[in-house]
Amino acid sequence: MITGTLVIEQLLNGLVLGCMYAAVASGLTLIWGTMKMLNFAHGEFFMIGGYFLYFAVTFFGIPPILGLLIAVILTYFLGVLVERSVIHPLLDKPGWEISPLVVTVGLSIFFQNLSLKIFGERFKSVPYFLDGIVEIFGIRMAYQRIFILFVTAVVMIGFWVFIKKAKFGLGLRATAQERDAATLIGVNVKKIYTITFGLSCAMAALAAGLLAPIFSVNPWMGHAALLKGFITVVLGGLGSFGGAILAGILLGTIESISVIVFSSEWKDVVAFVIFIIVLTIRPSGLFGTKEW
Amino acid sequence: MLTLNDLDVFYGDAQALWNVTMELRQREIVTLLGSNGAGKTTTLKTVSGLLHPRKGQIRFGDVRLDVVEPSKIVTYGIAHVPEGRKLFPNMTVADNLLAGAYNTESWADRFKTIETIFQIFPVLQVRKKQLAGTLSGGEQQMVAIGRALMSKPSLLMLDEPSLGLAPKMVETIFNVLVDINKKGTTILLIEQNAQIALQIADRGYVMETGKISLEGKAAELMENEHVKKAYLGL
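Residue numbers (the working numbering), protein chains in the order written: chain A, 3 to 294; chain B, 991 to 1224.
Written out as structure tokens, the structure reads:
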């Protein structure tokens, strides 16, 4: 039976899911906007982040929230390592439109199989950070999900402010808008690229870590994340950070509500249908190519 | 102050500059003339580090510039106003200007420096919250020059500042350049508009198909038959 309580609970769940889509998507759009490349291994950094958390909690007995922090930091450095070793040599060489795509697809396959080899195919579970449910006005919400909402909001807003106000953010925007001029005013474009890539991977890891207690970790979890991430990015407009966030929340909310009306197997269909409709009406996405 | 010594520059395997040798002395205005594709922009880009010479050296004072990391060149006091302005289109005029002080000691007092830029180009103060991509050509040129001045350079390099601008605007801008030079900044000016460039320059070089073909005092160049025919339309 569809009650108001059910709708609100689903809306809140949708918000949580939407935050995750937003987090994954903003990493992708960050790389596109700054480096003009698409990272097809983004889902795997998501997955690796999840596994770092699992590893920290299960083998080192680290409390989950600290484990999450460690996972995010480790994934950042892994991203930096990958960028310096594999992406960097391709920069400024002919074929930049294609080469990072090819390389990151290769990385994706490599990481998936590496995980499979190391961790095996069984889904691994990660304990909840916070147990328990809170009930307000008859609406029940798990503390874990409230935590997810809170952390994502803080990180996304913090990042937005960082891009707009901090000196590094200025360098990033300059590189994204006019790379040569950025070099002329003293921005080290190569360093910006490396740090941006690392930050993007860190954000993916954050999303995975927050979701891990709910969805568990497995070598292929990156696939769904990447797919939904790309849909969100294109929906919000390639290159628009704000667009990625809004589109993510929109997508998550609509998906969750639709679970009430249809059954849960159809929620992906709903996502794709929305995607097709928006792109037909407005091909450049909700916020076009508006930059940061 | 700045010497280019026997430079060969390539784009991939295509040679663009042959044995280019030039020098600038402190407080001079030197102009580099030539038609489209002659190699003037290539020369400037090589000084800025956006391109690397395959042969030859660039010296700024006693520093060898061609081996310096490109993003550090501005810290030596060299500012480059690129061809086509290359403003940051989705930043405001104010942000574009402030960005000019990014990597130098002038970052700390950038809010003071921007006031002096507004004094040089008052219209920019009016437009300071406007997105740079929406400005007119002349205003964009002012922002580009202003952005370069924010790093308080000792050498200002401009690539075709008169391009696409109405004559009145060109006059305004060139008056500003003369003023900046009087206050102590050395200027290297690339121009297709030889007429106006030679009016404000002390010395000039003429570049043709990647080689320096002529050099001399501005007054001499203005009287040179070849220059008159090819570049002054006389």
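Virtual Cβ for every residue (Gly too), placed ideally from N, Cα, C. This structure is a prediction, so every number in the text was calculated from the model and none was measured.
Could you round the C-beta distance between residue i and residue j to whole angstroms and report it? I think they count as a contact, below 8 Å.
i: B:Pro1151; j: B:Gln1131; result: 6 Å
i: A:Pro215; j: A:Tyr130; result: 4 Å
i: B:Leu1178; j: B:Leu1022; result: 7 Å
i: A:Tyr1; j: A:Val219; result: A question about residue 1 of chain A goes unanswered here, because the residues of chain A that appear run from 3 up to 294.
i: A:Val105; j: A:Leu92; result: 7 Å
i: B:Met1197; j: B:Gly1039; result: Not quite, the Cβ-Cβ distance comes to about 20 Å (not below 8 Å), so this is no contact.
i: B:Ala1156; j: B:Gly1128; result: 7 Å
i: B:Gln1016; j: B:Thr1176; result: 6 Å
i: A:Ala27; j: A:Phe113; result: Actually they are not in contact, since the Cβ atoms of A:Ala27 and A:Phe113 sit about 20 Å apart, beyond 8 Å.
i: B:Ala1134; j: B:Arg1075; result: 4 Å
i: B:Met1081; j: A:Arg147; result: Actually they do not touch by this definition, with Cβ atoms about 38 Å apart.
i: A:Ile9; j: A:Ile283; result: Just to set this straight, residue 9 of chain A is Val in the shown sequence, not Ile. Incorrect: roughly 27 Å between the Cβ atoms, too far for contact.
i: A:Thr177; j: A:Val191; result: 5 Å
For residue i versus residue j, is the C-beta spacing smaller than 7 Å?
i: A:Ala25; j: A:Met205; result: yes
i: B:Asn1086; j: B:Ala1138; result: no
i: B:Arg1049; j: B:Thr1011; result: no
i: A:Gly29; j: A:Gly241; result: no
i: B:Trp1008; j: B:Gly1200; result: yes
i: A:Ala227; j: A:Gly45; result: yes
i: B:Gly1194; j: B:Leu1222; result: no
i: A:Ala360; j: A:Gly52; result: Lying before the first or after the last residue shown, residue 360 of chain A is absent from chain A, which here runs from 3 to 294.
i: A:Gly254; j: A:Leu19; result: yes
i: A:Val136; j: A:Met143; result: yes
i: A:Gly81; j: A:Phe243; result: no
i: A:Ile141; j: A:Glu267; result: no
i: B:Val1259; j: B:Lys1030; result: No answer is possible for residue 1259 of chain B: it lies beyond the span of chain B, which begins at 991 and ends at 1224.
i: B:Ala1208; j: B:Ala1191; result: yes
i: A:Gln179; j: B:Phe1101; result: no
i: B:Val999; j: B:Leu1041; result: yes
i: B:Gly1046; j: B:Asp1003; result: no
i: A:Cys21; j: A:Leu151; result: yes
i: A:Pro221; j: A:Ser117; result: yes
i: A:Phe47; j: A:Cys203; result: yes
i: B:Ser1096; j: B:Ser1126; result: no
i: A:Gly171; j: A:Ile165; result: yes
i: A:Tyr145; j: A:Met37; result: no
i: A:Gly224; j: A:Met49; result: yes
i: B:Ile1180; j: B:Asp1149; result: yes
i: B:Ala1006; j: B:Thr1032; result: yes
i: B:Pro1043; j: B:Asp1052; result: no
i: A:Ala58; j: A:Ile67; result: no
Return no unless some Cβ of chain D is closer than 7 Å to the Cβ of residue i.
i: A:Thr106; result: The displayed structure is made up of protein chains A and B, and chain D is not among them.
field: Whole runs of the alpha helix (DSSP H) within the stretch 1014-1074 of chain B, excluding any shorter than 4 residues
entry: 1030-1038
- prompt: Which residues, in chain order, does the stretch 1024-1042 of chain B contribute to contact with chain A at a C-beta distance below 7 Å?
  reply: Ser1038, Leu1040
- prompt: Which ranges does the beta strand (DSSP E) cover as unbroken runs of at least 3 residues, wholly within the stretch 1125-1202 of chain B, from first to last along the chain?
  reply: 1145-1149, 1176-1181, 1193-1198
message: With a threshold of 8 Å, are at least 3 pairs of Cβ atoms found where one atom belongs to the stretch 275-290 of chain A and the other to the stretch 241-259 of chain A?
response: yes
query: In the stretch 1094-1112 of chain B, which residues sit with their C-beta less than 9 Å from some C-beta in chain A, listed in chain order?
result: Thr1094, Trp1097
task: Could you name each continuous beta strand (DSSP E) segment of 3 residues or more that falls completely within the stretch 140-188 of chain A, going from the start of the chain to the end?
output: 141-144
query: Are at least three pairs of beta-carbons, each pair with one atom in the stretch 228-240 of chain A and one in the stretch 123-143 of chain A, less than 8 Å apart?
result: no
- request: Check each residue of the stretch 1137-1148 of chain B: if its Cβ is closer than 9 Å to any Cβ of chain A, include it; give the result in chain order.
  value: Arg1137, Ala1138, Met1140, Ser1141
- prompt: Quick one: any contact between the stretch 257-269 of chain A and the stretch 10-22 of chain A, if contact means 3 or more CB pairs under 8 Å?
  reply: yes
- prompt: Okay, do the stretch 1107-1116 of chain B and the stretch 1058-1076 of chain B touch, 3+ Cβ pairs below 8 Å being the bar?
  reply: no
- prompt: At a cut of 8 Å, does the stretch 1091-1099 of chain B reach the stretch 1164-1175 of chain B through at least three beta carbon pairs?
  reply: no
task: Would you check if there are 3 or more beta carbon pairs closer than 8 Å linking the stretch 1051-1068 of chain B to the stretch 174-187 of chain A?
output: yes
task: Using a Cβ-Cβ cut-off of less than 8 Å, list which residues of the stretch 147-176 of chain A approach chain B; keep chain order.
output: Lys169, Leu172, Gly173, Arg175, Ala176
message: Along the stretch 1146-1167 of chain B, where does the CB come closer than 9 Å to a CB of chain A? Name the residues.
response: none
query: Listed in chain order, which residues of the stretch 122-134 of chain A have Cβ atoms closer than 9 Å to some Cβ of chain B?
result: none
- request: Within the stretch 18-85 of chain A, note down every full alpha helix (DSSP H) run reaching 4 residues or more, in order along the chain.
  value: 44-62, 66-84
Contact residues within the stretch 60-77 of chain A, judged by C-beta distance below 8 Å to chain B: none
Against chain A: residues of the stretch 1064-1078 of chain B by CB proximity under 8 Å: Val1064, Thr1065, Ala1069, His1070, Pro1072, Lys1076, Leu1077, Phe1078
message: Short of 7 Å Cβ to Cβ, which residues in the stretch 176-187 of chain A face chain B?
response: Ala176, Gln179, Glu180, Asp182, Ala183, Thr185, Leu186, Ile187
task: Give, in chain order, every unbroken run of the alpha helix (DSSP H) that is at least 4 residues long and sits entirely within the stretch 187-256 of chain A.
output: 191-217, 223-238
- prompt: For the stretch 259-293 of chain A, which segments carrying the alpha helix (DSSP H) assignment without a break, of at least 4 residues, lie completely within its bounds, in sequence order?
  reply: 269-283
- request: Name, going along the chain, the residues of the stretch 1183-1195 of chain B whose beta-carbon falls closer than 9 Å to a beta-carbon of chain A.
  value: none
query: According to a CB-to-CB cut-off of less than 7 Å, which residues of the stretch 8-40 of chain A neighbour chain B?
result: none
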